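A quick write-up on the structure given underneath.
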Amino acid sequence: MLVDEGSFVEMTPMRSAGADAGSGVVAGWGTTDGHSVVVVSHDAAVASGAIGAVMAESIQKAQRFAIDKGYPIVYINDSGGARIHDGIFALHGCGGIFALNIEAQSRIPQISLILGPCAGAAAYSPALTDWTIMVKEQGQMFLTGPDIVKAATGEDATAEDIGGSALHTRTSGVAHLEVDSEEEAFDATRLLLSFLPTHKGGKQKRHDPVPANPRAAAALPTLVPEKSSVVFDMNKLLDGVLDNGARLELMPTHAPSILTLFARLDGHAVGVLANQPNARGGILDSKASVKAARFVEFCGRFDLPVLTFVDVPGFLPGTVEEGRGVITHGAKLLKAYVDTKSPKLTVVVRKSYGGAYIAMGSASLGAHANWAWSGSEIAVMGPGGAVALLHRRALKEAEEPTVLRDELAAVYREEVARPYLAAEAGIVDDVIHPEETRDRMIGAMRMLTHGAGE
C-alpha cells in the first residue's frame with residue numbers, strides 16, 4: 012500500500028467515476044508515515060489509461076494542488092498515451108501536464124511508478140519527474156510501440172526490447188530503480204519519501220541517531236587495499252561510516268562505477284555519492300558523470316547534505332568517450348557541485364587524480380569540509396602514468412627499467428602525491444585516519460546545519 016491506511020481522499024470523485032472522457036484517472040491526497048502526499052493514478056481498465064482532455068485537467072488540478080501546498084506527488088503510470096479521439100485537445104492537455112512537471116521540479120519532489128506500458132506522450136511525464144521506478148516485465152516506456160517501429164524501420168522488437176525496465180535502468184538511465192512487483196514499487200516509494208523533505212525549504216524531522224555497523228567500523232583501517240589497482244567494495248566502507256539502518260541506492264545497475272544513494276548520518280537524511288572500485292575501478296565516464304550530476308543537483312535542490320567518498324583514477328580516456336561528449340557531461344558534474352549550496356562533505360579514501368579529483372566534490376567546487384585518509388594520493392595523474400610521461404627517455408635507456416620505474420614512482424608519491432602536501436596548502440582540511448571519518452563528518456554536519464531538524 013502506498014499511502015497510510017484510511018488516509019486517501021479523492022479529488023473530484025464524481026467526475027473521475029463517470030463513463031465520459033473524464034474516466035481513466037484517480038487523483039487525491041493522503042499520507043505516508045504521517046506526511047502528506049498527492050497521488051495521481053491512471054486506470055488502465057478505461058481506454059488503456061489513455062490521456063484525454065478532461066483527464067488531463069484532473070491531473071493538472073492535482074499537480075497545482077501539490078505545488079501550492081508543498082506536498083510531494085507520486086504518479087502511478089499505466090497509459091497508452093494521448094487519447095486519439097480527443098485529437099489536439101489531448102495533446103494540449105498533455106503539454107499542460109509536462110509544463111507543470113517542469114514547474115514542480117524546483118518546488119516539490121516528484122516520483123513516477125511505471126506499472127504498465129506508457130507510450131508516446133505518457134512517457135514524457137515520468138522523464139520530467141525526479142525519480143522513476145519500474146516493475147520488471149510489467150512496466151514499459153517508449154515513444155513508439157512495436158507495431159509502429161516495425162512499420163517505420165522494419166525492426167522486429169518487443170515492448171520489452173524497446174522500453175522495458177532492463178533497458179531503462181541499465182542502459183538508457185531513463186528509470187532509476189527496477190523492482191519485481193507493484194508491492195515492492197510502493198515500498199520503495201515510501202522509503203524514498205522518508206529521506207526527502209515535502210518541499211524545497213521544508214524542514215525534515217531528524218531520526219534518532221544510530222551508530223555505524225560496529226563490525227564494518229572496526230574494519231575501516233584495513234579495508235582499503237594499499238595498492239591502488241586492487242579493488243574493494245565501497246559499500247563496506249559506507250557501512251562503517253553511515254548510520255546503521257535503511258538505505259536506498261538509485262540507479263544501481265546504470266553506470267555502476269559511481270554509487271548514488273540516500274542514507275542517514277547522525278539521524279539526518281543525506282545524499283551519498285561514491286566511486287565504486289569494484290566496477291571498472293570507480294572511473295568516471297559519460298554515463299557516470301550524468302548520473303552523478305543529476306543526483307547532486309537533486310540533493311542541492313532540496314537542501315540535502317551531500318557526502319562524497321572518493322577513490323577515482325580519472326576520466327575514462329579514448330575516442331569512444333570523447334565521441335559520447337565526456338567533456339560536456341563531466342562539466343555537468345562540476346556545475347552541479349558548484350550550484351549546490353547544501354552542506355558538502357568530501358573524503359578521499361585512496362586516490363584522486365586529474366580532472367576527476369576536481370569533479371568529485373573538491374574544495375575548488377565549494378566543498379564545505381574535505382579530508383583525505385592517510386595513505387591516499389592526490390595528483391594530476393597516478394604515479395605510473397606520471398613516471399612514464401616524465402621519465403620516458405631515462406626508462407628507455409635504463410638497464411633495469413622496472414626497478415627504475417618503481418623507484419621513480421616512490422619519489423613521485425612522496426614529493427607530489429601525498430595528501431599532506433594538499434593539507435599544508437589548505438586545499439584539504441586535514442589528513443585523517445579511516446576510523447575518524449564518521450565523527451569528523453558528524454561534527455561538520457552539526458556545524459553547517461546549526462542543529463536543523465532537532
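Residue 338 in our numbering sits at position 327 of the sequence shown; the count goes up by one each step and never skips. C-beta: ideal position from N, C-alpha, C; glycine also. Just so we're clear, the structure is a prediction, and the values are computed from it rather than from any experiment.
Using the three-state DSSP reduction, which class does His53 fall into: helix, strand or coil?
Taken through DSSP and simplified to helix, strand or coil, His53 comes out as strand.
6 Å CB neighbourhood of His461 in its chain, flanking five on each side removed
The beta carbon of His461 sits closer than 6 Å to no other beta carbon from its chain once the five residues preceding and following it are set aside.
What residues match up with Ser363 in a beta bridge as DSSP calls it?
Paired residues: Val323, Ile389.
In three-state DSSP terms, what is Asp89?
Of the three classes helix, strand and coil, the one that applies to Asp89 here is strand, per DSSP.
Would you kindly check if the distance between the Cβ of Lys247 and the Cβ of Asp191 is under 8 Å?
Cβ distance not < 8 Å, so Asp191 and Lys247 don't count as in contact.
With DSSP collapsed to three states, give me the class of Lys211.
If DSSP states are grouped into helix, strand and coil, Lys211 belongs with coil.
Compute the Euclidean distance between the alpha carbons of Ile78 and Glu195, then round it to the nearest angstrom.
Those two C-alpha atoms are separated by around 27 Å.
Which same chain residues end up closer than 6 Å to Lys298 when comparing Cβ atoms and leaving out the 5 residues on each side of it in sequence?
Contacts found: Ala266.
Three-way DSSP call (helix, strand, coil) for Gln116 in this model
Here Gln116 sits in coil by DSSP.
Taking the alpha carbon of Ala67 as the reference point, which residue from Thr43, Ala428, Ile99 has its own alpha carbon closest?
It is Ile99 whose Cα lies nearest to the Cα of Ala67.
Grouping DSSP H, G and I as helix and E and B as strand, with all else coil, what is Val301?
When DSSP states are grouped into helix, strand and coil, Val301 belongs to the helix group.
Would you check if the stretch 351-365 and the stretch 442-461 touch, i.e. whether three or more CB-CB distances between them fall below 8 Å?
Taking a contact to require three or more Cβ pairs closer than 8 Å, the stretch 442-461 and the stretch 351-365 qualify as touching.
Please classify Gly334 as buried or exposed, where buried requires at least 16 other C-beta atoms within 10 Å of its C-beta.
Around the beta carbon of Gly334, a 10 Å sphere encloses fewer than 16 other beta carbons of the protein chains shown; the residue is thus reported as exposed.
CA nearest to the CA of Val51, picked from Gly45, Ala61, Asp44, Trp40
Relative to Val51, the option among Gly45, Ala61, Asp44, Trp40 whose CA is nearest is Trp40.
Short Cβ contact (8 Å threshold) for Pro220 with Gly278:
It is a contact, given that the beta carbons lie within the stated cut-off.
Starting from the Cα of Tyr431, find the closest Cα among Thr169, Trp384, Ile338 and give me that residue.
When each option's Cα is compared against that of Tyr431, the closest is Trp384.
Nonlocal neighbours in the same chain, by C-beta distance under 6 Å from Asp250, ignoring five residues either side
Hits under 6 Å: Asn224, Ala227.
From Ala32 to Leu270, what distance separates their C-alpha atoms?
Caution applies to Ala32, whose pLDDT of 48 falls short of 50 and renders its modelled position unreliable; the model cannot decide the point.
Cβ contact check for the stretch 157-169 and the stretch 197-210: 3 or more pairs under 8 Å:
Flag = no, the stretch 157-169 and the stretch 197-210 do not touch.
Endpoints, the alpha helix (DSSP H) within which Phe206 is located
Phe206 -> alpha helix (DSSP H) spans 193-206.
Using three-state DSSP, classify Asp172 as helix, strand or coil.
Residue state, collapsed to three classes: helix.
Hey, out of Trp382, Ser300, Phe320, whose CA is closest to Lys346's CA?
Nearest to Lys346 by C-alpha distance, out of Trp382, Ser300, Phe320, is Ser300.
Quick one: Cα of Gly377 to Cα of Glu388, how far?
Gly377 and Glu388 have their alpha carbons spaced roughly 20 Å apart.
Backbone CA spacing between Val466 and Leu284 [nearest angstrom]:
Here the chain has residues from 12 to 465 only, and residue 466 is not among them.
Helix, strand or coil for Glu410 per DSSP?
Of the three classes helix, strand and coil, the one that applies to Glu410 here is coil, per DSSP.
Tell me the DSSP secondary structure of Phe76 in three-state form.
Note: Phe76 maps to helix in three-state DSSP.
Local Cβ density within 10 Å of Lys302, reported as buried at 16 or more and exposed below that:
That one is buried.
Sorted by chain position, which residues of the same chain lie with C-beta nearer than 7 Å to Ser18's C-beta, five sequence neighbours on each side aside?
Result list for Ser18: Gly41, Thr42, in chain order.
Assign Arg291 to one of three DSSP states: helix, strand, or coil.
Looking at Arg291 - three-state DSSP - the assignment turns out to be helix.
Length of the line joining the Cα atoms of Arg217 and His46
Taking the straight line from one Cα to the other gives about 14 Å.
Pro11, enclosing alpha helix (DSSP H) - first and last residue
One cannot answer for residue 11 here, as it falls past the ends of the chain, which runs 12 to 465.
Quick test of the definition: if touching needs 3 or more C-beta pairs under 8 Å, does the stretch 100-112 touch the stretch 125-139?
The stretch 100-112 makes contact with the stretch 125-139, as at least three CB pairs between them are under 8 Å.
Counted within 10 angstroms of its Cβ, other Cβ atoms place Val174 as buried (16 or more) or exposed
The residue asked about is misnamed: residue 174 is Gly in this sequence, not Val. Counting the other CB atoms within 10 Å of its CB gives Gly174 a total of 16 or more, which places it among the buried residues.
If we ignore side chains and look at the alpha-carbon of each, how far apart do Val427 and Ala421 end up?
Approximately 10 Å, taken between the alpha carbons.
So, Ala409 versus Leu415, is the Cβ gap smaller than 8 Å?
With contacts defined as CB atoms closer than 8 Å, Ala409 and Leu415 qualify as a contacting pair.
Do Val439 and Val235 count as a contact pair if the criterion is CB distance below 8 Å?
Taking 8 Å as the cut-off, the Cβ atoms of Val235 and Val439 do not count as close.
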